[in-house]
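Shown next, in structure tokens, is the structure this report addresses.
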Amino acid sequence: MTTDETTEDDQAASFGGGAASAETMALLWGTKPAPTRGRKPGMTVASIVAKAIEIADAEGLAALSMRRVADELGVGTMSLYRYLPGKTELFELMLDTAMGEHGPPEPDPAGWRASLAAFARAGLAGYRRHPWLLEASISRGLMGPNQTAALDALLRMISGIGLSPGQMMAVVGLVVSYVQGRARQLADNVRFEQRSGVSDEQFWRDFAPLLDEHLDAERFPALAAVWRDDELSWEDEFEFGLERVLDGIDAFVNSAENKGSGR
18 MTTDETTEDD
28 QAASFGGGAA
38 SAETMALLWG
48 TKPAPTRGRK
58 PGMTVASIVA
68 KAIEIADAEG
78 LAALSMRRVA
88 DELGVGTMSL
98 YRYLPGKTEL
108 FELMLDTAMG
118 EHGPPEPDPA
128 GWRASLAAFA
138 RAGLAGYRRH
148 PWLLEASISR
158 GLMGPNQTAA
168 LDALLRMISG
178 IGLSPGQMMA
188 VVGLVVSYVQ
198 GRARQLADNV
208 RFEQRSGVSD
218 EQFWRDFAPL
228 LDEHLDAERF
238 PALAAVWRDD
248 ELSWEDEFEF
258 GLERVLDGID
268 AFVNSAENKG
278 SGR
């Protein structure tokens, strides 16, 4: 077994959620000195990360390895270890880079609700560009500069509306979870299309008549009524759900329970 294989096997269990280390944080925040020995002309941490993102965008995380990145860059696998400890650290950098490609979210002059809605739509677009973000657990991912800036910007959007610090974090988590859930559904549709060669639209065109044959309105009255009269597109459903999430936040902010807390 090669050194590359051993290293990647050891890292697989913590992929996307590795133990915090000063070295990884230094890589994320750009404070780790660049290697001086064995450097390849034109190669940087940023160029390695960019190539890894390109591979993951096209083929998913399953296709990603240090060897694959090295092959795409035209260098030996061990060359990458002069820049990065391994695959786990590479993923942390990929995550932070992808989340910062358009800068931190900007507040909407219309207020916190419009700001969170814009963030949610931008987040969905980001998952569409990088569906691999949904493939790994990032709940304990390290906080790089782009993730930190995004979280700070989101908290500033909802500061001063009467929420406690814990409630502010919960609101951010609620919106992010909604976007991730809808994005995961969309990603599942894309994967199904890639594997089957059948688009989501074609699947439903073929499947709908089959279900119609068995959907007895007397036996399944509620489903039959909705199934045969569903006018919402996928995008409409996303917007409807997002508005209801924001309605819930708005209702709590303006509730007697919250106002009575004295915040």
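Using our numbering, read the sequence shown as starting at 18 and increasing by one per residue. Each residue gets a CB set at the ideal place from its N, CA and C atoms; glycine is no exception. Values in this document were obtained by computation on a predicted structure and should not be read as measured data.
- If only complete runs of 4 or more residues are kept, the region 81-158 shows the alpha helix (DSSP H) at 83-90, 94-97, 104-116 and 129-146, in order along the chain.
- In terms of Cα proximity to E40, the closest of G59, G77, G103 and A63 is G103.
- With a threshold of 16 other beta carbon atoms within 10 Å, H231 falls short and is exposed.
- For P148, the number of other beta carbons within 10 angstroms of its own is at least 16, and it is reported as buried.
- Under a 10 Å Cβ-count criterion, D113 is classified as buried, with 16 or more other Cβ atoms of the shown protein chains found around its own Cβ.
- Its Cα nearest to that of I72, the residue L90 stands out among G59, L90 and T61.
- In terms of Cβ geometry, V66 and L97 do not form a close pair [threshold 8 Å].
- In this structure, L191 lies away from L110, with their beta-carbon atoms at least 8 Å apart.
- Looking at the backbone, the Cα of W244 and that of R84 are separated by about 49 Å.
- Residues of the same chain with a CB within less than 7 Å of the CB of D217, apart from the 5 flanking positions on each side, are N206 and E210 in chain order.
- Cβ atoms of L141 and M174 stay farther apart than 8 Å, at about 17 Å.
- Separation of P124 and G177 (C-alpha to C-alpha, rounded to the nearest whole angstrom) is 14 Å.
- Note that the C-beta distance between G258 and R199 is below 8 Å.
- By the CB criterion at 8 Å, A69 and M116 fall outside the cutoff.
- Spanning the alpha carbons of A87 and K49 requires a straight line of approximately 21 Å.
- Here the alpha carbons of Q197 and R261 stand approximately 16 Å from one another.
- Cα atoms of P121 and A170: separation of roughly 6 Å, rounded to the nearest angstrom.
- In the structure shown, the three-state DSSP call for L232 is coil.
- Setting aside the 5 residues that flank it on each side, V270 is surrounded in the same chain by I178, G179 and L180, each with a C-beta closer than 8 Å to its C-beta; the list follows chain order.
- I175 sits in coil when the DSSP states are folded into three classes, being neither helix nor strand.
- When A80, S194 and A79 are compared, the shortest CA-CA separation from F136 is found for S194.
- The beta carbons of A225 and A234 sit about 15 Å from each other, so the pair does not count as a contact at 8 Å.
- Listed in chain order, the non-local C-beta contacts of N275 below 7 Å within the same chain comprise G179 and F269, local neighbours out to five positions each way being set aside.
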